[in-house]
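Chains as they are written, first to last, in my numbering: chain Y, 1 to 185; chain D, 1001 to 1185.
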């Protein structure tokens, strides 16, 4: 079974007009993604943000649960938050993963607009094969990852679809669904 | 294909000590669940809360996107929010569903602690059979649905599991994953 990593990207991402922007970290993203990541045995989930103030905010949210109120209140949430690592750039996340896994991971791009890419079932089979390399899945906040991020990926995953054409899921929902499709029982 | 409904229950739910409490509505629950519900063709998603102030808060969040800022900002989010209906009790939700679907729905209970219940794959097959009745899936906020809610359900769905035993998902993640498992492409 391939080791699994994920990165929640706040720059470069798109706004609703397709402009490249930096999005803000939200505390609920941190909690939800930590809990989903830990449920599906993600080795490390990176919160990627270029601004120091935003990284400090994320660290405060995590430390609150690690050391203070949260430790006593809910040990399961603390355990999940230990899956997280806050970094400046995608390159920092990849360097850390390469260090942890001893080999550069395959980079998987996700988008609500991709078709003709890899299906989640294929990715699951690939990850379950013997000698599968580690996988790093990239998720965009805002209105999705900037095109320059896709250029760096080895695999583009098809958009998640329900019965119809509408698929305007939150990034929290997209993370959960993709992890479940590739790692759920 | 069976018509699908869901209810996000804020009372009666459990707190971390297993006491029966009323939880607060959060605006992000409203948004995430509307977007996931609309993606997976849920006919109506009920926000169930016994307190008028909380129902008014939920209505304000929805109206903000229907009439004001949100209408111009993001039409896709407005469309999703039209899937929602705010009600006082589970009975009110069931009465509305029975009215919309012309027959009482099968009630499906979800919990992070159920084992030996129905698997999501079985529920999917059941819903895809000819003449399948409408289905109403109940989700608990806080630390999950109170036992009295389970007593009202026709089906208890098994807990969502990843590779290990940890499955402390947010209700937003649980809704997304279950909808994807029973309705995803």
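Glycine is no exception: its CB is placed at the ideal position from the N, C-alpha and C atoms.
Here residue 28/Y is not near residue 135/Y, since their CB atoms are 7 Å or more apart.
From the beta-carbon of residue 1168/D, the residues of chain Y found nearer than 9 Å are 35, 38, 39, 74, 76, 77, 79 and 80. The three-state secondary structure of residue 1045/D, taken from DSSP, is strand. Under the three-state reduction of DSSP output, residue 179/Y falls in the helix class. Taking every protein chain shown into account, the CB of residue 1103/D has fewer than 16 other CB atoms within 10 angstroms, so this residue is exposed. Along the length of the segment 13-61 of chain Y, whole alpha helix (DSSP H) runs at least 4 residues long occupy 27-39, reported in chain order. Here residue 16/Y has 143 as same chain residues with Cβ atoms under 6 Å from its own Cβ, once five neighbours each way along the sequence are excluded. With a cutoff of 7 Å on beta-carbon distance, residue 1171/D and residue 1139/D are scored as near each other.
Pairing residue 1105/D with residue 1057/D, the inter-Cα distance amounts to about 28 Å. Counting only the Cα atoms, residue 160/Y lies some 8 Å from residue 174/Y.
Taking CB atoms only, residue 1164/D has a neighbour in chain Y less than 7 Å away. DSSP places residue 125/Y inside the alpha helix (DSSP H), whose first and last residues are 120-128. Residue 1006/D is a Cβ neighbour of residue 1137/D, given a cutoff of 7 Å. Where residue 2/Y is concerned, there is no enclosing beta strand (DSSP E), because DSSP gives it neither an H nor an E.
In this structure, DSSP gives residue 100/Y a helical state, which the three-state scheme calls helix. For residue 84/Y, the enclosing beta strand (DSSP E) has its first and last residue at 84-87. Nearest C-alpha to residue 23/Y among 32/Y, 33/Y and 12/Y: 12/Y. Residue pairing by DSSP puts residue 1108/D in a beta bridge opposite 1137/D and 1155/D. Interface residue (Cβ-Cβ distance to chain Y less than 7 Å): residue 1177/D is classified as such. Take the alpha-carbon of residue 129/Y and the one of residue 1124/D: they are about 28 Å apart. Residue 8/Y carries a strand assignment under DSSP once its states are collapsed to helix, strand and coil. Between residue 40/Y and residue 93/Y, the CB-CB gap reaches or exceeds 7 Å. Here DSSP, grouped into helix, strand and coil, assigns residue 161/Y to coil. For the C-beta of residue 1172/D, the chain Y residues within less than 7 Å are, from N- to C-terminus, 32, 172 and 173.
Taking C-alpha positions only, residue 1096/D is separated from residue 1044/D by approximately 9 Å. If you check the CB distance, residue 157/Y and residue 108/Y come in under 7 Å. Taken through DSSP and simplified to helix, strand or coil, residue 169/Y comes out as coil. Per DSSP, the continuous alpha helix (DSSP H) segment holding residue 75/Y begins and ends at 75-81. For residue 148/Y, the enclosing alpha helix (DSSP H) starts and ends at 147-150. Just measuring C-alpha positions, the residue of 1169/D, 1185/D and 1009/D sitting nearest residue 1088/D is 1009/D.
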